[in-house]
Amino acid sequence: MADALPALDYAGFARELDALRVEVEADVAGEARAHLRGQARWGSAFTLLGYATSWIAPNPFSAALISLGMTSRWTIVAHHTSHRALDRLPDVPPAETSRGFAKGARRWFDWFDWLDPEAWDYEHNKLHHYHTGELSDPDLVEEQVQRIRVSTKPQWVKLLVVAIYAFTWKFAYYAPNTHALLRREKKRREERRPPDTAGVHTDVDLTRVWSPFNADGRAFWRDVVAPYILLRMVLLPALFLPISAWAAFSVAANTVMAELLTGLHTFIVVVPNHAGDDMHRFDRPPSDRAEFYVRQVLGSVNFRTGGAVNDFLHGFLNYQIEHHLWPDLPPLAYQKAATRVRAICARHGVPYVQEGVFTRVRKLLDIMTGRTSMIVSETRGKNDREPVAQSAK
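Anchor point for the sequence shown: position 344 equals 380 in our numbering, and the numbering is continuous, going up by one each time.
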């Protein structure tokens with residue numbers, strides 16, 4: 037296993053990134069809340085307009101608007117709020133911080149989704165962000181789709197499976213996976229078992245989670261499936277019955293279409309973030325913040341950045357490198373930091389990968405179907421760097 041960056045000054049790289057973080061966080065402090073609230077208002081406007089027109093007939097326009105509202109609520113509002121983007125700002129109401137957003141009964145108002153907020157926080161904010169590219173990363177695509185990768189089926193069959201997955205992944209895979217991982221962690225805590233020193237096991241039997249004939253499945257149906265289908269697919273369309281049965285049917289049909297469009301949209305902007313034959317994966321956790329920074333850049337890719345519409349449509353996930361360096365900053369900070377992060381990486385010889393989202397989708401498909409593989413590489417831990425520093429004195 038080759039050292040990805042044998043000549044890198046880890047400490048110097050980390051110092052520059054630390055200094056930039058302090059500067060950017062202070063720079064956006066006065067605007068961050070208003071900016072994030074503005075993104076939320078745009079998402080709500082799309083949702084309201086979608087439902088305001090959805091009763092007329094099943095149509096792609098209303099479905100797309102509803103989908104855009106759902107996608108932005110997840111990728112922009114819930115994502116950054118749960119990461120504590122506004123927690124350190126003064127005079128921010130608890131409902132707009134990670135301490136109150138989507139907690140308890142507020143789940144039904146702040147972020148009503150297939151994803152359980154608590155499960156999302158554990159799977160994404162803790163496992164994925166702090167084990168990026170490791171086997172303990174539940175979002176390591178190359179590992180999660182091994183059955184497709186090693187299949188001897190023709191390429192067109194593999195691509196058909198991936199296409200179905202793209203439309204349905206959010207509710208068919210991501211929701212049960214996050215829920216099951218949280219239940220597993222809660223059980224470990226209840227039994228007072230120490231964490232596995234080999235890392236978190238992220239393999240989940242989805243057929244078991246979807247089955248209502250076992251404890252895990254019943255919990256998933258109780259916490260996620262039943263309330264979501266009842267409220268989103270039944271009660272919400274029923275509100276349009278006073279207009280007509282056709283109106284209620286149209287709302288239900290547009291809601292189903294919106295779910296599929298949301299699946300496709302989020303597949304495009306979420307799943308390629310850490311996949312491709314130019315992305316690195318690792319066999320152990322990072323030893324310190326400097327190595328963590330290096331890992332996040334080597335294992336993440338940015339899409340095209342800049343422009344209000346472009347960033348909104350990408351859910352600000354086009355700033356994946358900056359977000360993985362500093363997960364708890366607001367999205368406005370990533371806009372301001374991106375060009376300078378790229379310059380720091382260039383000075384230190386750290387590859388900073390940025391390509392259009394559809395180019396990255398193509399590279400993702402190659403990974404998912406087994407045509408290409410990620411780079412398995414090594415980075416230098418803190419103890420491995422000490423002899424180098426001493427010999428340089």
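Virtual Cβ for every residue (Gly too), placed ideally from N, Cα, C.
Rounded distance between the beta-carbons of residue j and residue i, thought under 8 Å
i	j	result
Pro158	Leu217	Correcting the residue type first, residue 158 is Tyr in the shown sequence and not Pro. Rounded, the Cβ-Cβ distance is 6 Å, consistent with contact.
Lys399	Val60	At roughly 29 Å, the Cβ-Cβ gap does not stay under 8 Å, so Lys399 and Val60 are not in contact.
Trp91	Ala274	Not really, about 12 Å apart at Cβ, beyond 8 Å.
Pro366	His71	7 Å
Asp149	Trp205	With a Cβ gap of about 14 Å, Asp149 and Trp205 do not count as contacting.
Leu267	Phe203	With 8 Å as the limit, Leu267 and Phe203 do not qualify as a contact, their Cβ atoms being about 22 Å apart.
Met269	Thr291	6 Å
Thr117	Ser134	6 Å
Ala131	Arg142	7 Å
Thr405	Leu195	6 Å
Pro263	Arg254	Actually they are not in contact, since the Cβ atoms of Pro263 and Arg254 sit about 14 Å apart, beyond 8 Å.
Tyr46	Arg416	7 Å
Glu6	Phe207	Because the chain spans 37 through 429 in this model, residue 6 falls outside it and cannot be assessed.
Ser286	Ala93	5 Å
Ser113	Leu368	Rather than Ser, the amino acid found at residue 113 in this sequence is Val. Actually they do not touch by this definition, with Cβ atoms about 13 Å apart.
Phe339	Gly169	At roughly 18 Å, the Cβ-Cβ gap does not stay under 8 Å, so Phe339 and Gly169 are not in contact.
Bridge-paired residues (DSSP) for residue i
i	result
Gln390	Asn338
Val412	Arg317
Asp39	Glu414
Endpoints, the alpha helix (DSSP H) within which residue i is located
i	result
Val377	367 to 384
His115	115 to 118
Ala155	153 to 156
Pro363	No alpha helix (DSSP H) holds Pro363; DSSP gives it neither H nor E.
Glu61	46 to 64
His310	Segment: none, His310 is in no alpha helix (DSSP H) and carries neither H nor E.
Asn346	344 to 349
Asp146	143 to 146
His71	68 to 90
Leu101	96 to 108
Residue i: CB within 7 Å of a non-hydrogen atom of the ligand SAH
i	result
Leu368	Ligands in the displayed structure: none, and consequently the ligand SAH is not present.
For a minimum of 4 consecutive residues, which ranges assigned as the alpha helix (DSSP H) are wholly contained in the region 181 to 209? Annotation: the region 181 to 209 contains the following complete segments of the alpha helix (DSSP H) (minimum length 4 residues), in chain order: 182 to 186, 191 to 205.
What are the uninterrupted segments assigned as alpha helix (DSSP H) that are 4 or more residues long and contained completely in the region 207 to 293, given in chain order? Runs of the alpha helix (DSSP H) inside the region 207 to 293: 211 to 226, 242 to 246, 251 to 256.
Taking three-plus beta-carbon pairs below 8 Å as touching, is the region 332 to 343 in contact with the region 135 to 146? No: the two stretches stay apart, fewer than three of their Cβ pairs being nearer than 8 Å.
Would you call the region 296 to 309 in contact with the region 341 to 355, where contact means no fewer than 3 C-beta pairs closer than 8 Å? Judged by Cβ distances under 8 Å, the region 296 to 309 makes contact with the region 341 to 355, as three or more pairs qualify.
Within the chosen definition, does the region 146 to 160 reach the region 85 to 101 through at least 3 CB pairs nearer than 8 Å? The way I'd put it, the region 146 to 160 doesn't touch the region 85 to 101; fewer than three beta-carbon pairs between them come closer than 8 Å.
Okay, do the region 314 to 328 and the region 225 to 232 touch, 3+ Cβ pairs below 8 Å being the bar? Counting C-beta pairs with one atom in each stretch, the region 314 to 328 and the region 225 to 232 have fewer than three that are closer than 8 Å, which means they do not touch.
Is the region 43 to 62 touching the region 393 to 410 in the sense that three or more CB pairs, one from each, lie closer than 8 Å? The region 393 to 410, when compared against the region 43 to 62, does not touch it at the 8 Å Cβ threshold.
Using 8 Å as the cut-off, can you tell me whether the region 308 to 321 makes contact with the region 118 to 129, which would need three or more C-beta pairs spanning the two stretches below that distance? As far as the Cβ criterion goes, the region 308 to 321 does not touch the region 118 to 129, which means the pair count is below three.
Meets three-Cβ-pair contact criterion under 8 Å: the region 343 to 352 and the region 193 to 201: A contact between stretches requires three or more CB pairs, one per stretch, nearer than 8 Å, and the region 343 to 352 fails this requirement with the region 193 to 201.
Taking one C-beta from the region 398 to 412 and one from the region 162 to 178 each time, how about it: are there three or more such pairs within less than 8 Å? Here the region 398 to 412 lies against the region 162 to 178, with 3 or more beta-carbon pairs under 8 Å apart.
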